[in-house]
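I have placed the structure first, in the form of structure tokens, so that the comments after it can refer back to it.
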Amino acid sequence: EAPKGVSLNVGEGHSHDDEITTEEGGVSDIVQCNEKANWKSNKIQDVGQENDEAKAAKIWLLGNERRRDHPMRTIKLSAPEATQDALTEEAVVSRVWMGQ
Numbered sequence: 070e071a072p073k074g075v076s077l078n079v080g081e082g083h084s085h086d087d088e089i090t091t092e093e094g095g096v097s098d099i100v101q102c103n104e105k106a107n108w109k110s111n112k113i114q115d116v117g118q119e120n121d122e123a124k125a126a127k128i129w130l131l132g133n134e135r136r137r138d139h140p141m142r143t144i145k146l147s148a149p150e151a152t153q154d155a156l157t158e159e160a161v162v163s164r165v166w167m168g169q
């Protein structure tokens, strides 16, 4: 079962070989991010230190078994309490430190 809100299919009428840019040079509806020309440099915020409170997290791994080099589609790690906030932040770039 896929994570909540994530489709197992690439999309209606799309294949993995589709171009990701439009004829006008914009990003297609397959990729949902800002165009690289609009990216800005940003500092990285570290989330989670050794003494921070941690919670169990189920992480979905991408790709087939050969690509992800792991037999299962998910892995369980311990994640800092602030992980949810870091992953939903729209402007701050975060590096989340997780353990096993």
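Residue numbering for the sequence shown follows my numbering, beginning at 70 and increasing consecutively. C-beta atoms are modelled at their ideal positions from N, C-alpha and C, and glycine is treated no differently.
By Cβ distance, which residues of its chain are closer than 7 Å to residue i, with the 5 residues on each side in sequence left out?
i, result
"Ala125", "Lys145, Ser147"
"Thr143", "Lys127, Ile128, Trp129, Leu130"
If you reduce the DSSP assignment to three classes, tell me which class residue i lands in.
i, result
"Arg142", "coil"
"Val79", "Model confidence at Val79 stands at a pLDDT of 49, short of 50, so the residue's coordinates are unreliable; what they give is reported in the following sentence. It is coil, neither helix nor strand."
"Lys105", "helix"
Identify, in the order they occur along the chain, each residue of the same chain with its Cβ nearer than 8 Å to the Cβ of residue i, setting aside the five sequence neighbours on each side.
i, result
"Glu171", "Outside the shown range of the chain, which is 70 to 169, sits residue 171, and nothing can be said about it."
"Asp141", "Note that residue 141 is Met in the sequence shown, not Asp. Around Met141: Leu130."
Give every residue of the same chain whose Cβ lies closer than 6 Å to the Cβ of residue i, excluding the five residues on either side of it in the sequence, and list them in chain order.
i, result
"Ile113", "Val162, Arg164"
"Asn111", "Val162"
In terms of DSSP beta bridges, what is residue i paired with?
i, result
"Gly168", "Ser147"
"Gln114", "Ser163"
Could you tell me which of the options sits nearest to residue i, measuring between CA atoms?
i, options, result
"Met167", "Gln153, Arg136, Glu158, Glu159", "Gln153"
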